[in-house]
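Undergrad: Under this note's numbering, think of the first position of the sequence shown as 30, with each following residue one higher. The following block contains the structure, expressed as structure tokens.
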Amino acid sequence: MLSVELHAHSALSYDGRDPVELLLEQAAAVGLDALAVTDHDEIDASIEAAEKAPDYGLVGVVGMEVTSAVGHVLAFGIEEEIESGLPFDETLDRIRDQGGIAVVPHPFQKSRHGVAAHITDEQLASADAIEVYNSRLFTGRSNRQAEKFAVRNGVPMTAGSDAHISEMVGQAVTEVGADERSAAAILDGIADGRTSVVGKRTPWRISLKQFGGGAKRRALRALDSLR
Numbered sequence: 030m031l032s033v034e035l036h037a038h039s040a041l042s043y044d045g046r047d048p049v050e051l052l053l054e055q056a057a058a059v060g061l062d063a064l065a066v067t068d069h070d071e072i073d074a075s076i077e078a079a080e081k082a083p084d085y086g087l088v089g090v091v092g093m094e095v096t097s098a099v100g101h102v103l104a105f106g107i108e109e110e111i112e113s114g115l116p117f118d119e120t121l122d123r124i125r126d127q128g129g130i131a132v133v134p135h136p137f138q139k140s141r142h143g144v145a146a147h148i149t150d151e152q153l154a155s156a157d158a159i160e161v162y163n164s165r166l167f168t169g170r171s172n173r174q175a176e177k178f179a180v181r182n183g184v185p186m187t188a189g190s191d192a193h194i195s196e197m198v199g200q201a202v203t204e205v206g207a208d209e210r211s212a213a214a215i216l217d218g219i220a221d222g223r224t225s226v227v228g229k230r231t232p233w234r235i236s237l238k239q240f241g242g243g244a245k246r247r248a249l250r251a252l253d254s255l256r
């Protein structure tokens with residue numbers, strides 16, 4: 030089994046703070062086997078992280094968090110950025126056209142661009158996997174909803190820290206039964222449902238810190254764009 034962080038943001042995300050080197054250092058320090066950097070509608074930092082991952086004893090998985098027309102979708106195993114704003118089904122098609130897999134993060138969290146409120150159960154179940162444990166939670170209700178849905182519909186399950194600062198990488202981990210220590214084997218294991226989830230809640234003070242820091246960075250970038 031390989032321990033994989035499948036949901037982490039770098040400074041390239043509008044609400045992320047740290048460079049990929051710090052994310053990789055943290056992943057190695059907490060004993061992970063692999064890391065996917067999943068920036069919002071950006072892929073360059075993820076490609077950089079995947080290239081540098083072996084220097085930290087890690088497997089790098091290229092990915093991004095795509096903003097579809099109805100909410101967020103994680104794309105893994107892609108080579109080029111997926112366009113934002115596309116319908117849910119088309120977003121999944123674009124990911125698969127590149128040989129990747131589509132994982133729906135926090136589907137039942139409306140305040141965080143969860144897709145479930147805007148698509149049918151059949152559409153949600155068509156994803157390659159569903160994130161059933163996101164460590165940035167307050168009550169856990171949305172995670173429980175996601176897990177029940179995945180179990181009921183036979184959809185593979187993942188976990189993710191949704192880290193926006195490096196210290197939170199590894200809060201939630203997907204354990205993947207992989208045939209070898211490679212990104213391709215990890216993605217095959219996820220798609221085949223050879224996963225288990227391990228996670229703990231991001232402390233509320235850290236969640237608030239991440240939220241506040243992200244809001245500040247968004248505001249500063251908006252101001253820069255007006256200059």
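Beta carbons are placed, not taken as given, at the ideal position from N, Cα and C, and that holds for glycine.
Run through DSSP, which three-state label would S32 get?
TA: As a working note, residue 32 is residue 3 in the sequence shown. Strand at S32.
Undergrad: Which of helix, strand or coil does DSSP assign to G45?
TA: Position 16 of the sequence shown holds residue 45. It is coil, neither helix nor strand.
Undergrad: Which runs of the beta strand (DSSP E), 3 residues or longer, sit entirely within the region 129 to 157?
TA: Complete beta strand (DSSP E) runs here, min 3: 130 to 133.
Undergrad: Spatial neighbours of R246 within its chain, please: C-beta separation below 7 Å, excluding the five flanking residues on both sides.
TA: For the purposes of this step, residue 246 is identified with residue 217 of the sequence shown, where counting begins at 1. Per-residue confidence for R246 stands at a pLDDT of 49, beneath the threshold of 50, marking its modelled position as unreliable; the derived number appears in the next sentence. So the list reads Y43, D44, once near-sequence residues are dropped.
Undergrad: Check the C-beta distance from D70 over to V95 and give it rounded, since I have them as a contact under 8 Å.
TA: As a first step, residue 70 must be located in the sequence shown, where it is residue number 41. As a first step, residue 95 must be located in the sequence shown, where it is residue number 66. At roughly 6 Å, the Cβ-Cβ gap stays under 8 Å, so D70 and V95 are in contact.
Undergrad: Between L166, D217, V102, which has its C-alpha nearest R230's C-alpha?
TA: Indexing the sequence shown from 1 puts residue 230 at position 201. Among L166, D217, V102, the Cα nearest to that of R230 is on L166.
Undergrad: Quick check on the DSSP output: the alpha helix (DSSP H) that includes E209 runs from which residue to which?
TA: As a working note, residue 209 is residue 180 in the sequence shown. Note, E209: premise wrong, no alpha helix (DSSP H); not H, not E.
Undergrad: With the cut-off set at 7 Å, would you say A63 and L87 are in Cβ contact?
TA: The sequence position of residue 63 within the sequence shown is 34, counting from 1. The sequence position of residue 87 within the sequence shown is 58, counting from 1. Going by C-beta atoms, A63 is nearer than 7 Å to L87.
Undergrad: Go to L64, then tell me how far its beta strand (DSSP E) extends in each direction, as first and last residue.
TA: The residue you call residue 64 lines up with position 35 of the sequence shown. Taken as a continuous stretch (DSSP letters only), the beta strand (DSSP E) holding L64 covers 63 to 66.
Undergrad: For the alpha helix (DSSP H) that V88 lies in, which residues bound it at each end?
TA: For this step, residue 88 is matched to residue 59 along the sequence shown. Note, V88: premise wrong, no alpha helix (DSSP H); beta strand (DSSP E) at 88 to 97.
Undergrad: When we look at the beta-carbon of R123 and count the other beta-carbons within 10 Å, is it buried (16 or more) or exposed?
TA: Indexing the sequence shown from 1 puts residue 123 at position 94. By the 10 Å Cβ count, R123 comes out buried.
Undergrad: Quick check on this structure: which residue in E151, A37, I194 has the alpha carbon closest to the alpha carbon of V184?
TA: If you number the sequence shown from 1, residue 184 lands on position 155. Comparing Cα-Cα distances from V184 to each of E151, A37, I194, the minimum goes to E151.
Undergrad: Is DSSP giving T259 helix, strand or coil here?
TA: This structure leaves residue 259 out entirely; the chain is present only between 30 and 256.
Undergrad: To the nearest angstrom, how far is it from the Cα of D191 to the Cα of D118?
TA: Taking the sequence shown and counting its residues from 1, the one referred to as residue 191 is at position 162. Taking the sequence shown and counting its residues from 1, the one referred to as residue 118 is at position 89. Near 23 Å, if we compare the C-alpha coordinates of D118 and D191.
Undergrad: Answer yes or no: do L103 and V132 have a C-beta to C-beta separation smaller than 7 Å?
TA: In the sequence shown, residue 103 corresponds to position 74, counting from 1. In the sequence shown, residue 132 corresponds to position 103, counting from 1. Yes.
Undergrad: Where does E71 sit, in a helix, a strand or coil, going by DSSP?
TA: Counted from its first residue, the sequence shown places residue 71 at position 42. In the structure shown, E71 sits in coil (DSSP, three-state: anything other than H, G, I, E or B).
Undergrad: Looking only at its chain, what residues have a beta carbon closer than 6 Å to the beta carbon of G100, apart from the 5 residues adjacent to it on each side?
TA: Start at 1 with the first residue of the sequence shown, and residue 100 comes out as number 71. Cβ neighbours of G100 beyond the five flanking positions: H142, G143, V144.
Undergrad: Are any of the Cβ atoms in chain B nearer than 7 Å to that of E110?
TA: Among the chains in the structure shown there is no chain B, since it carries only a single protein chain.
Undergrad: Please find out if some non-hydrogen atom of the ligand FAD comes closer than 6 Å to the beta-carbon of P48.
TA: The model on display carries no ligand, and the ligand FAD is accordingly not part of it.
Undergrad: Please check the pair G218 and G228, which I expect to be a contact at CB under 8 Å, by giving their CB distance rounded to whole angstroms.
TA: One-based indexing of the sequence shown puts residue 218 at position 189. One-based indexing of the sequence shown puts residue 228 at position 199. Incorrect: roughly 18 Å between the Cβ atoms, too far for contact.
Undergrad: So, with DSSP's three-state summary, where would you put L115?
TA: Position 86 of the sequence shown, counted from the start, is the residue given in the question as residue 115. In the structure shown, L115 sits in coil (DSSP, three-state: anything other than H, G, I, E or B).
Undergrad: Quick check on DSSP: helix, strand or coil for E108?
TA: Against the sequence shown, residue 108 aligns to sequence position 79. Here E108 sits in coil by DSSP.
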